[in-house]
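K.L.:
In our numbering, the protein residues as written are 8 to 523. Even glycine gets a Cβ: it sits at the ideal position worked out from N, Cα and C.
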Amino acid sequence: MEVEKEIIESLSDRKTLLSVREVAKSIQYSEPLPTGWKPPLAIRSRSRKVCENIRKKRRILVDGEDIPPPISNFKDMRLPEPILKKLAEKGILKPTPIQVQALPVILSGRDMIGMAATGSGKTLAFVLPIIMMAIQEEYMMPILGREGPFGLVICPSRELAKQTYDVVEEFVECMRKYNNYPAIRSMLCIGGVDMRSQLEILERSVHIVVATPGRLKDMLAKKKMNLDNCRYLVLDEADRILDLGFEDEIREVINYFRDQRQTLLFSATMPKKIQTFARSALVKPVIVNVGRAGAASLNVIQEVEYVKQEAKFLCLLQCLQKTPPPVLVFSESKADVDNIHEYLILKRVEAVSIHGGKENEERQHAISSFKAGRKDVLVATDVASKGLDFPNIQHVINFDMPDQIENYIHRIGRTGRCGKTGISTTFINSRQSETTLLDLKHVLIEAKQRIPPVLAKLSDETEVAFDNARQFKDCANCGGLGHSIQSCPKLERQNIQLAARYMSHNFGTGGFKAEF
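Have a look at this one:
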């Protein structure tokens with residue numbers, strides 16, 4: 008435990024969520040941002056025991072000071088009438104467990120770390136408050152040209168940003184139909200799209216921006232947009248954004264904030280490493296956790312099959328017969344995605360594919376045609392595994408088992424959403440490391456799934472704890488249950504990437520970087 012603590016402290020850089028000005032001047036905010044929102048008196052008067060019973064019934068775990076009470080219906084959250092009507096039209100009559108606690112916390116102006124399984128309604132938990140905040144700000148002082156935004160949502164991928172933006176626009180549009188509410192404008196800020204169209208929106212002023220880190224940083228650096236008035240920051244899929252790769256971009260974006268902001272981190276997987284430094288950087292944060300962070304959805308039937316590498320394509324065709332379309336197929340590399348897509352086309356399967364090497368228009372067309380039902384199969388890398396909502400998918404196939412168990416959790420979370428049941432099939436063979444297979448085994452044990460013989464014979468030092476007390480201790484760096492942080496494969500990869508960046512910075516972009 009001491010070794011684990013030292014490693015976590017060495018990995019936790021709280022400065023990622025603080026601006027250079029705040030660090031240089033040792034600025035520390037002691038109180039959350041005030042808002043004009045309060046729950047009804049009857050809810051404010053509830054005893055702590057009543058609140059704890061509501062949370063216990065919905066498997067909500069909370070941690071923090073002066074936690075706002077949970078609210079079990081949207082009307083008591085004082086949401087505007089147009090939003091309540093829109094929720095009813097969409098068939099959303101009651102808040103999900105994460106929304107029961109997260110919405111009161113966010114509406115109260117508190118910083119928050121929210122963790123819940125994929126498909127549990129996390130997007131609505133931060134979209135509805137950001138719209139209410141924009142309405143309140145517009146009432147107090149209407150913004151003029153080139154002012155704003157008030158709220159900023161950062162997503163790790165273009166597809167997730169587009170999906171989140173569509174949710175924001177859906178509820179903003181329903182507000183526009185009512186003359187007694189001010190007009191709220193939102194903008195999508197992602198790469199692969201002509202910047203001129205985004206600049207035209209900024210010229211008219213904007214209240215809410217949904218962005219990916221790269222394009223956002225570019226717009227801020229070119230002074231096309233500013234965050235002087237921004238008071239609301241959301242990091243969706245925060246563990247991915249704060250991971251190595253986006254860390255520098257996020258740090259640069261934070262530098263453009265001028266004052267205190269309300270910071271919200273959301274994800275289905277949130278390793279202790281992220282939670283540790285987020286607690287130290289946020290202002291009196293509230294931790295809201297529905298189930299175990301990083302646990303697989305209980306609505307997904309997980310099947311694991313041992314398949315030799317040369318037999319994977321044949322097994323893939325057989326697996327596609329298990330359920331009707333649509334079906335989602337994941338692979339680790341871009342080249343494999345292209346090969347699988349070509350193979351399925353040759354077999355006359357209506358398939359499309361996406362990965363990071365494709366143009367933005369091609370990726371968006373693939374997603375839209377798959378969601379609309381014009382294509383039966385979507386083949387993708389992990390670019391489609393984080394946060395994307397495919398409500399009708401019954402089957403997810405992992406053509407390759409990912410090295411990191413958190414990617415596996417996100418992948419299978421594309422099915423079994425909104426209370427529905429789904430199936431995931433994962434191909435494994437001798438190419439997977441024992442650490443990865445142990446992580447998979449313990450995820451299956453935790454979800455009470457069938458353990459295939461190839462995994463059942465694997466044993467490690469944590470086996471006794473599982474058999475006796477059924478206690479699960481996850482890796483603080485990645486959330487895996489089959490290893491400790493000292494043997495974490497993700498940590499090893501991060502160290503290699505850090506070394507590559509160091510070599511590149513000090514010796515140029517020559518052979519050293521290419522070798523890594």
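In three-state DSSP terms, what is Asn475?
P.N.:
Against the sequence shown, residue 475 aligns to sequence position 468. Reliability fails at Asn475, whose pLDDT of 44 lies under 50, so the model's placement of it is uncertain and no value is given.
K.L.:
Just the Cα atoms here: how many angstroms apart are Gly155 and Asp235?
P.N.:
Here residue 155 is taken as the residue at index 148 of the sequence shown, counted from 1. Here residue 235 is taken as the residue at index 228 of the sequence shown, counted from 1. Those two C-alpha atoms are separated by around 8 Å.
K.L.:
Report, in whole angstroms, the separation of the C-beta atoms of Ile374 and Gln401, which I expect to be a contact under 8 Å.
P.N.:
Stepping through the sequence shown from its first residue, residue 374 is reached at position 367. Stepping through the sequence shown from its first residue, residue 401 is reached at position 394. Wrong, their Cβ atoms sit about 18 Å apart, outside the cutoff.
K.L.:
From Asn346 to Leu385, what does the alpha carbon distance come to, in whole angstroms?
P.N.:
For the purposes of this step, residue 346 is taken as the residue at position 339 of the sequence shown. For the purposes of this step, residue 385 is taken as the residue at position 378 of the sequence shown. Asn346 and Leu385: Cα-Cα distance of roughly 13 Å.
K.L.:
At a cut of 8 Å, does the region 59–68 reach the region 289–299 through at least three beta carbon pairs?
P.N.:
Flag = yes, the region 59–68 and the region 289–299 touch.
K.L.:
What are the start and end residues of the beta strand (DSSP E) that includes Thr432?
P.N.:
The count along the sequence shown starts at 1 and reaches residue 432 at position 425. First-last of the beta strand (DSSP E) with Thr432: Gly429 to Ile435.
K.L.:
So Gly1 and Ile215 are supposed to be a Cβ contact under 8 Å. How far apart are they, rounded?
P.N.:
The chain is shown only over 8 to 523; residue 1 falls outside these bounds and no answer can be derived.
K.L.:
Does the count of Cβ pairs from the region 264–281 and the region 113–123 closer than 8 Å reach three?
P.N.:
yes
K.L.:
Go through the region 129–161 residue by residue and report every complete run of the alpha helix (DSSP H) that reaches 4 residues or more, in order.
P.N.:
129–147
K.L.:
Look at the alpha carbon of Phe320 and the alpha carbon of Ile452, and state the distance between them as a whole number of angstroms.
P.N.:
The count along the sequence shown starts at 1 and reaches residue 320 at position 313. The count along the sequence shown starts at 1 and reaches residue 452 at position 445. Looking at the two C-alpha atoms, the distance is approximately 28 Å.
K.L.:
Just tell me which of Asp118, Glu176, Asn186 and Ala387 has its CA closest to the CA of Leu271.
P.N.:
In the sequence shown, counting from the first residue as 1, residue 271 sits at position 264. With distances taken between Cα atoms, Leu271 lies closest to Asp118.
K.L.:
Near Pro398, which residues of its chain fall below 7 Å by C-beta distance, leaving aside the five closest residues on each side in sequence?
P.N.:
Counting from one through the sequence shown, the residue named residue 398 turns up at place 391. These residues qualify, in order along the chain: Arg424 and Cys425.
K.L.:
What residues in its chain sit with their C-beta under 6 Å from that of Glu357, if we drop five residues either side in the sequence?
P.N.:
For the purposes of this step, residue 357 is taken as the residue at position 350 of the sequence shown. Counting only Cβ-Cβ distances below 6 Å, and skipping sequence neighbours, we find Lys382 and Asp383.
K.L.:
Does DSSP put Ile352 in a helix, a strand or coil?
P.N.:
Against the sequence shown, residue 352 aligns to sequence position 345. Ile352: helix per DSSP, three-state reduction.
K.L.:
Going by Cα to Cα distance, which pick from Thr428, Met408 and Arg53 is closest to Leu305?
P.N.:
Counting from one through the sequence shown, the residue named residue 305 turns up at place 298. Selected option, being the one with the closest Cα: Thr428.
K.L.:
When DSSP builds the beta bridges, which residues end up paired with Glu310?
P.N.:
Along the sequence shown, one-based indexing puts residue 310 at 303. BP columns for Glu310 point to Thr432.
K.L.:
What residue range is occupied by the uninterrupted beta strand (DSSP E) comprising Met182?
P.N.:
Stepping through the sequence shown from its first residue, residue 182 is reached at position 175. Taken as a continuous stretch (DSSP letters only), Met182 belongs to no beta strand (DSSP E), being part of the alpha helix (DSSP H) at Arg165 to Arg183.
K.L.:
Taking Cβ to Cβ, would you say Phe434 is nearer than 9 Å to Ala391?
P.N.:
Here residue 434 refers to the residue found at position 427 when the sequence shown is read from its first residue. Here residue 391 refers to the residue found at position 384 when the sequence shown is read from its first residue. Against a cut-off of 9 Å, the Cβ pair of Ala391 and Phe434 comes out as no contact.
K.L.:
Exposed or buried, Asp533, counting other C-beta atoms within 10 Å across all chains shown (16 or more means buried)?
P.N.:
Absent from the structure is residue 533, since the part of the chain shown begins at 8 and ends at 523.
K.L.:
In whole angstroms, give me the CA-to-CA distance for Pro77 and Pro136.
P.N.:
Position 70 of the sequence shown, counted from the start, is the residue given in the question as residue 77. Position 129 of the sequence shown, counted from the start, is the residue given in the question as residue 136. Roughly 15 Å separates the two Cα atoms.
K.L.:
Quick check: the Cα distance between Ser535 and Cys237, rounded to an integer number of angstroms?
P.N.:
Since the first residue shown for the chain is 8 and the last is 523, residue 535 is missing from the structure and cannot be characterised.
K.L.:
Under the three-state reduction of DSSP, which class applies to Tyr239: helix, strand or coil?
P.N.:
Locating residue 239 in the sequence shown gives position 232, where the first residue counts as 1. DSSP places Tyr239 in strand when its eight states are reduced to three.
K.L.:
What are the boundary residues of the beta strand (DSSP E) that includes Thr270?
P.N.:
Translated into the one-based positions of the sequence shown, residue 270 becomes position 263. Its beta strand (DSSP E) spans residues Gln269 to Ser274.
K.L.:
In three-state terms, what does DSSP make of Leu445?
P.N.:
Stepping through the sequence shown from its first residue, residue 445 is reached at position 438. Reduced to three states, the DSSP call for Leu445 is helix.
K.L.:
Provide the residue span of the beta strand (DSSP E) that contains Leu335, from first to last.
P.N.:
Indexing the sequence shown from 1 puts residue 335 at position 328. Here the beta strand (DSSP E) through Leu335 covers Val334 to Phe337.
K.L.:
Could you check how far apart the C-beta atoms of Ile261 and Ser26 are, in whole angstroms? I think they sit under 8 Å.
P.N.:
In the sequence shown, counting from the first residue as 1, residue 261 sits at position 254. In the sequence shown, counting from the first residue as 1, residue 26 sits at position 19. Between Ser26 and Ile261 the Cβ distance is about 5 Å, and since that is below 8 Å, they are a contact.
K.L.:
Output needed for Glu441: all residues of its chain with C-beta closer than 7 Å, excluding positions within five of it in sequence on either side, in chain order.
P.N.:
Taking the first residue of the sequence shown as 1, we reach residue 441 at position 434. Result list for Glu441: Leu465, in chain order.
K.L.:
Would Ile74 pass as a contact of Val307 if the rule is Cβ separation under 9 Å?
P.N.:
One-based indexing of the sequence shown puts residue 74 at position 67. One-based indexing of the sequence shown puts residue 307 at position 300. Taking 9 Å as the Cβ cut-off, Ile74 and Val307 do not qualify as a contacting pair.
K.L.:
Tell me whether the region 170–186 and the region 215–230 touch, counting them as touching only if at least three CB pairs, one residue from each stretch, are closer than 8 Å.
P.N.:
yes
K.L.:
Name the residue from Leu131, Gly116, Lys97 and Ile90 whose alpha carbon lies nearest to the alpha carbon of Ile105.
P.N.:
One-based indexing of the sequence shown puts residue 105 at position 98. Checked all of Leu131, Gly116, Lys97 and Ile90; the closest Cα to Ile105 is Leu131.
K.L.:
Beta-carbon separation of Phe3 and Val107 under 9 Å?
P.N.:
Here the chain has residues from 8 to 523 only, and residue 3 is not among them.
K.L.:
Does DSSP put His417 in a helix, a strand or coil?
P.N.:
Here residue 417 corresponds to residue number 410 of the sequence shown, with the count starting at 1. His417 sits in a helix when the DSSP states are folded into three classes.
K.L.:
Return the first residue and the last residue of the alpha helix (DSSP H) that Val281 is part of.
P.N.:
The residue given as residue 281 occupies position 274 in the sequence shown. A small fix is needed here, since residue 281 is Ile in this sequence, not Val. Counting along the chain, the alpha helix (DSSP H) containing Ile281 begins and ends at Lys279 to Ala288.
K.L.:
Assign Met147 to buried or exposed, taking buried as 16 or more other Cβ atoms, counted over all protein chains shown, within 10 Å of its Cβ.
P.N.:
Within the sequence shown, the letter at position 140 stands for residue 147. Burial call: exposed.
K.L.:
To the nearest angstrom, report how far apart Thr422 and Phe377 are at their CA atoms.
P.N.:
Here residue 422 refers to the residue found at position 415 when the sequence shown is read from its first residue. Here residue 377 refers to the residue found at position 370 when the sequence shown is read from its first residue. In a straight line, the C-alpha of Thr422 is about 14 Å away from that of Phe377.
K.L.:
So, are the CB atoms of Ile191 and Ile138 less than 9 Å apart?
P.N.:
Position 184 of the sequence shown, counted from the first residue, corresponds to residue 191. Position 131 of the sequence shown, counted from the first residue, corresponds to residue 138. Contact: yes.
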